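Residue numbers (our numbering), protein chains in the order written: chain A, 8 to 124; chain B, 130 to 242.
Below: one structure, written as structure tokens.
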Amino acid sequence: EAQVTQNPRYLITVTGKKLTVTCSQNMNHEYMSWYRQDPGLGLRQIYYSMNVEVTDKGDVPEGYKVSRKEKRNFPLILESPSPNQTSLYFCASSLIPGQGYGSYEQYFGPGTRLTVT
Amino acid sequence: DQQVKQNSPSLSVQEGRISILNCDYTNSMFDYFLWYKKYPAEGPTFLISISSIKDKNEDGRFTVFLNKSAKHLSLHIVPSQPGDSAVYFCAASASGGYQKVTFGTGTKLQVIP
């Protein structure tokens, strides 16, 4: 089954304690991305990656890091979480947008609800 | 600066009637648009898309209309069904090396049986 998995699904942590949210896809997609969803703000892109070792900032990258050492994995790292990073996070993957039919369609994981106190 | 806007946070429609969800954008570089549907406790799922070379795309009960001059797109659902109750996000992307995807704020659709 084609899917994007995220772990953990729920996480409560304290300010300043480093954490990593993992994301993995089994569709051999080149493009992966992280979003956060906040009330009234919709989905905002944090970082995206076009392929292994190729990452770029989205619209709200401050306070986040990513890495893409393998094609299937795209972890999101919060080195010093703060309460304003409390949010619902989604990982997504697709073909490289614009390269072929259906390439813009992203597959999303189930989400990770993060609370930073 | 919200480049993709969905000005209606919520919409209620009777079952069997038409649902119209609207989306406006400001960036003229956007040339591909998508709609996603999101149920609670799940990730968004792709619904329908349209390229800027078209003004309409239809898939079953779902039709997306694009008005480039007005920088406006809309999603029509006919007939609406209770299972369509969800949050709908529009999204926009620009080709030519600009690979960011910008989402709107979402519209919560409730279809009343």
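Ideal Cβ placement from N, Cα and C applies to all residues, glycine included.
These numbers were taken from a predicted model, which means no experiment stands behind them.
> What's the C-alpha gap between residue 148 (chain B) and residue 39 (chain A)?
Replying inline: Each residue's Cα considered, the two are about 32 Å apart.
> Does residue 104 (chain A) come within less than 8 Å of chain B when only Cβ atoms are used?
Replying inline: At least one chain B Cβ lies under 8 Å of residue 104 (chain A).
> Per DSSP, what kind of secondary structure is residue 92 (chain A) in: helix, strand or coil?
Replying inline: Three-state DSSP puts residue 92 (chain A) in a helix.
>> Going residue by residue through the segment 170-216 of chain B, where are the continuous beta strand (DSSP E) segments of at least 3 residues, counting only ones entirely within it?
In response: If we require 3 residues or more, the beta strand (DSSP E) runs fully inside the segment 170-216 of chain B come out as 174-180, 185-188, 191-196, 201-206.
> Where does residue 153 (chain B) sit, in a helix, a strand or coil, going by DSSP?
Replying inline: Strand at residue 153 (chain B).
> chain A beta carbons: is any one of them nearer than 8 Å to that of residue 229 (chain B)?
Replying inline: Flagged as an interface residue toward chain A: residue 229 (chain B), by a C-beta distance shorter than 8 Å.
> So what's residue 43 (chain A) in DSSP terms, helix, strand or just coil?
Replying inline: In this structure, residue 43 (chain A) counts as strand in the three-state DSSP scheme.
> In three-state terms, what does DSSP make of residue 158 (chain B)?
Replying inline: Collapsing the DSSP output to three states places residue 158 (chain B) in coil.
> Going by Cα to Cα distance, which pick from A:34, A:99, A:87, A:45 is closest to residue 27 (chain A)?
Replying inline: The shortest C-alpha separation from residue 27 (chain A) is found at A:87.
> Using a Cβ-Cβ distance under 8 Å, would residue 32 (chain A) count as near chain B?
Replying inline: Not one chain B Cβ lies under 8 Å of residue 32 (chain A).
>> So with CB distances below 7 Å, who are the chain A contacts of residue 222 (chain B)?
In response: In chain order, 104, 111 make up the part of chain A whose C-beta sits under 7 Å from the C-beta of residue 222 (chain B).
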